[in-house]
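Chemist:
Residue numbers (the numbering used here), protein chains in the order written: chain A, 3 to 237; chain B, 118 to 448.
Quick look at the structure:
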C-alpha cells in the first residue's frame with residue numbers, strides 16, 4: 003500500500019500538489035483527474051524525479067524520500083512514461099535487460115528478461131525497438147518495468163496512442179500483474195473505459211487535492227467527480 | 118573467430134583486418150612525410166574516439182579532449198625523462214591519471230547540460246592551454262615541473278621495438294586497434310546499454326535503476342583516458358612537446374570534425390582524425406595553405422547539417438549498402 007500524507011509540491015508560485023493525503027490501497031489503483039490536476043506530478047514525486055516541499059510517502063513501511071530515484075527502482079518501484087522511453091537502436095531484449103542488470107544477479111538476468119518479454123506477449127526479443135508499432139513499444143516498456151521482482155508499477159497514461167482493441171489487450175495485461183507478479187499497479191489514465199475495466203479503486207485529483215476516492219464505479223458516478231471531469235453542472 | 122564476431126560484430130572484424138593491412142602496407146608505399154602524418158592521424162583518432170564516446174553515446178559536448186592529450190603527454194615526459202619509465206608503463210599511467218582528472222572535472226561539470234557544459238569544458242581547455250604555456254613540457258629540468266629553458270634539453274625515447282618511423286606507425290596502429298576494440302566492446306556491455314538509456318532519457322534511466330551521474334562520470338573518465346594514451350604515445354613519438362599543439366582551438370576543431378564524420382562510429386573517429394591531420398598535410402604538400410582545410414570543414418558542417426546528420430561515416434555506409442543492393446538485383 004502507498005500511504006501519502008500531507009504531500010505538497012511547489013514550482014515557484016504554482017502548487018500542483020497541495021496537501022494531498024490518500025492511501026492507494028488497491029492492487030490496481032487508478033488516479034484520474036482533469037488536465038493539470040497533478041497526476042503526473044504525483045507519479046514524479048513518488049518515483050523520485052520531483053522533490054516534494056512537504057509531506058511523506060510510505061510504501062511497505064519504507065519512507066521513499068530516503069531513497070534516490072535509482073534506489074527506488076532497484077528496491078522495486080518501476081515506472082512507465084506518457085511517451086514510452088525505449089532506445090530504438092537496441093533490441094527489445096537489450097532494452098529489457100537494462101533493468102535486469104540493475105536489479106538482479108548476473109546468472110538470473112537473461113531468463114528474467116525473456117520471462118518479462120514473454121509475459122507481455124511480444125513475439126520477438128531480438129528485433130530493434132525502433133521497428134515496433136505503438137502497442138509493441140508500450141509492451142516492451144512494460145516488460146522492462148516488470149523485470150526483477152517489481153513491488154510497485156507506476157504507469158503514466160499507458161493507453162495514449164493505442165486504439166480500442168489494443169487498449170483492451172493492454173488492460174488485460176495490467177490486470178495480470180498483481181495476480182501473477184504480486185506487484186501493485188498505480189494507473190494514471192484519461193481513458194475511463196480502461197480505468198473502469200482494470201482499477202478496483204480510483205482516486206480523483208483536482209487542483210492537486212483529493213476530490214474523491216473509492217470503488218471505481220461508485221466514484222465515477224459521483225456528481226462532484228463528473229463536474230470536475232466532464233464539466234457537468236452540480237445540482 | 119566466431120567468438121570474436123559475436124563480441125565485436127563482422128564489420129569490426131573487417132575493420133581490424135583493414136587496419137593491419139594499412140599498418141603493413143603504408144610504410145612500404147608512402148614516403149616518410151605521409152607515414153609521420155598517418156601516425157599523427159592514428160594518435161588523434163584516440164581523442165576523437167573520446168569525443169565520439171561522449172557525444173555519440175551520451176550527447177555530452179566536451180571540448181577538453183586535446184587538453185587531456187597534452188596532460189597525458191606531460192605525464193609521459195615527466196616520468197619518462199625524469200625516471201626512465203618504459204613506454205607501456207607511461208601509457209598506462211597517463212591513461213589512469215587523465216581518467217582521474219576527467220572524472221574530477223565531470224563531477225561538477227555534469228550538473229550542467231548542453232551549451233553550458235560545452236562552455237565549462239572549453240574554459241577548462243583554455244586553462245590547460247595557459248598552464249602548458251606557463252609550465253612548459255618536461256625536458257630534463259629540475260623540480261616538480263621538470264622544465265628548463267636552456268641547457269641539456271632531453272627528449273623521451275621511443276621503445277626499442279619501434280625506434281623507426283615505420284615501426285612507430287605500426288605500434289600506434291596496434292594500440293589504436295586495441296583501444297577501439299575496447300570501446301566497441303564497452304558499448305555492448307551493461308555500461309554501454311546504460312549510456313544508451315541515459316541518452317534517451319535520464320528519467321527513464323534512473324527509473325531503471327541506473328546511477329545516471331556515475332554512468333556519465335565513467336564515460337568522461339574513459340574518454341579522457343583515451344586522450345591520455347594519445348598524449349603518452351605522442352610524447353614518445355616526437356620526443357618533446359610544444360604547448361601550441363594543445364591550443365584550445367584544436368579541441369573545438371576536433372569536436373566539430375567528429376560531429377561531421379560521425380560520432381557513433383569508429384570509422385567516423387578515424388575519418389575525423391584524417392580530416393584533422395591528413396587534409397592539411399595534403400594541401401600543404403601541393404603548395405596550398407593547410408589552413409584552407411578549416412574553410413573546407415565549414416562547408417562540411419553545412420553538408421553534415423543538410424544531408425548527413427549522422428556523419429560522413431554513416432553516409433558512406435549508406436552508399437556502400439546501396440551499391441551492394443544494386444549489384445544484388447542486377448541481372
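Here a beta-carbon is modelled for each residue, glycine too, at the ideal position from N, C-alpha and C. Given the structure is predicted, the values throughout are model-derived calculations rather than measurements.
Quick one: is residue 428 of chain B buried, meaning 16 or more other Cβ sit within 10 Å of its Cβ, or exposed?
Modeler: buried
Chemist: Buried or exposed: residue 409 of chain B, going by 16 or more other Cβ atoms within 10 Å of its Cβ?
Modeler: exposed
Chemist: Of all Cβ atoms in chain B, is any one closer than 8 Å to the Cβ of residue 101 of chain A?
Modeler: Taking 8 Å as the threshold, the shortest C-beta distance from residue 101 of chain A to chain B falls below it.
Chemist: Among residues of its own chain, excluding the 5 on either side of residue 249 of chain B, which ones have a beta-carbon nearer than 7 Å to its beta-carbon?
Modeler: 187, 360 and 363
Chemist: Just list the residues that DSSP pairs residue 77 of chain B with in beta bridges.
Modeler: The structure shown does not extend to residue 77 of chain B, since chain B spans only 118 to 448, so no value can be given for it.
Chemist: For the beta strand (DSSP E) holding residue 426 of chain B, just list the boundary residues, first then last.
Modeler: Careful: residue 426 of chain B lies outside any beta strand (DSSP E) and carries neither H nor E.
Chemist: Excluding the 5 residues preceding and the 5 following residue 214 of chain B in the sequence, name in chain order all residues of the same chain whose CB lies nearer than 6 Å to its CB.
Modeler: 192
Chemist: Can you pull out the residues from the segment 100 to 122 of chain A whose beta carbon lies closer than 7 Å to at least one beta carbon of chain B?
Modeler: 100, 101, 103, 104 and 105
Chemist: Just the chain A side, please: which residues come within less than 7 Å of residue 326 of chain B by C-beta, in chain order?
Modeler: 72, 75, 76, 101, 104 and 105
Chemist: By the criterion of Cβ-Cβ separation under 8 Å, what are the contact partners of residue 92 of chain A in chain B?
Modeler: 310 and 313
Chemist: Do we get a CB-CB distance below 8 Å when we pair residue 96 of chain A with the residues of chain B?
Modeler: yes
Chemist: Is the beta carbon of residue 164 of chain B closer than 8 Å to that of residue 371 of chain B?
Modeler: yes
Chemist: Identify the continuous beta strand (DSSP E) that holds residue 59 of chain A and give its terminal residues.
Modeler: 56 to 61
Chemist: If you run the structure through DSSP and keep just helix, strand and coil, what is residue 479 of chain B?
Modeler: In this structure chain B extends from 118 to 448, so residue 479 of chain B is not present and cannot be described.
Chemist: Could you tell me the alpha carbon to alpha carbon distance between residue 41 of chain A and residue 50 of chain A, rounded to whole angstroms?
Modeler: 14 Å
Chemist: In chain order, what are the residue ranges of uninterrupted alpha helix (DSSP H) at least 4 long that sit wholly in the segment 280 to 332 of chain B?
Modeler: 282 to 304, 307 to 317 and 319 to 323
Chemist: In angstroms, rounded to a whole number, what distance separates the CA positions of residue 245 of chain A and residue 139 of chain B?
Modeler: There is simply no residue 245 of chain A to check, as chain A begins at 3 and stops at 237 in what is shown.
Chemist: Note down, in chain order, every chain B residue with its Cβ under 7 Å from the Cβ of residue 89 of chain A.
Modeler: 313, 314 and 317
Chemist: For residue 35 of chain A, tell me which candidate among A:202, A:194 and A:99 has the shortest Cα-Cα distance.
Modeler: A:194
Chemist: If contacts are defined as beta-carbon pairs under 8 Å, then residue 240 of chain B and residue 337 of chain B qualify, I think. What distance do you get, rounded to the angstrom?
Modeler: Contact doesn't hold; Cβ gap of about 16 Å is too wide.
Chemist: Select from B:151, B:146 and B:161 the residue whose C-alpha is nearest the C-alpha of residue 386 of chain B.
Modeler: B:161
Chemist: Please specify which runs of the beta strand (DSSP E), each continuous and at least 3 residues long, are wholly inside the segment 7 to 84 of chain A, giving them in chain order.
Modeler: 16 to 26, 30 to 34, 56 to 61 and 79 to 82
Chemist: Report the neighbours of residue 139 of chain A on chain B: residues whose CB is nearer than 8 Å to its CB, in chain order.
Modeler: Chain B residues near residue 139 of chain A: none, gap ~12 Å exceeds 8 Å.
Chemist: Just checking: is the beta-carbon of residue 323 of chain B within a distance shorter than 8 Å of some beta-carbon in chain A?
Modeler: Yes, residue 323 of chain B counts as interfacial toward chain A.
Chemist: Beta-carbon of residue 320 of chain B versus every beta-carbon of chain A: anything under 8 Å?
Modeler: yes
Chemist: Which same chain residues end up closer than 8 Å to residue 406 of chain B when comparing Cβ atoms and leaving out the 5 residues on each side of it in sequence?
Modeler: 400
Chemist: Buried or exposed: where does residue 97 of chain A fall if 16 or more other Cβ atoms within 10 Å of its Cβ makes it buried?
Modeler: buried
Chemist: Buried or exposed for residue 77 of chain A, going by 16 or more other Cβ atoms inside 10 Å?
Modeler: buried
Chemist: In its own chain, which residues sit with a C-beta less than 8 Å from the C-beta of residue 282 of chain B, not counting the 5 before and 5 after it?
Modeler: Excluding residues within five positions, the ones whose Cβ falls inside 8 Å are 144, 149, 152, 153 and 156.
Chemist: What residues in the segment 279 to 311 of chain B have a beta carbon less than 8 Å from any beta carbon of chain A?
Modeler: Within the segment 279 to 311 of chain B, those residues whose Cβ lies closer than 8 Å to any Cβ of chain A are, in chain order, 307, 310 and 311.
Chemist: Starting from residue 49 of chain A, find everything on chain B with Cβ-Cβ shorter than 9 Å and list it in chain order.
Modeler: 320, 323 and 324
Chemist: Once DSSP output is grouped into helix, strand and coil, what is the label at residue 379 of chain B?
Modeler: coil
Chemist: Quick check: what's the CA-CA separation for residue 394 of chain B versus residue 171 of chain B?
Modeler: 22 Å
Chemist: Residue range of the alpha helix (DSSP H) that residue 221 of chain A falls in?
Modeler: Segment 218 to 223, the alpha helix (DSSP H) holding residue 221 of chain A.
Chemist: What residue range does the beta strand (DSSP E) around residue 157 of chain A cover?
Modeler: 154 to 158
Chemist: Are the C-beta atoms of residue 13 of chain A and some chain B residue less than 8 Å apart?
Modeler: no
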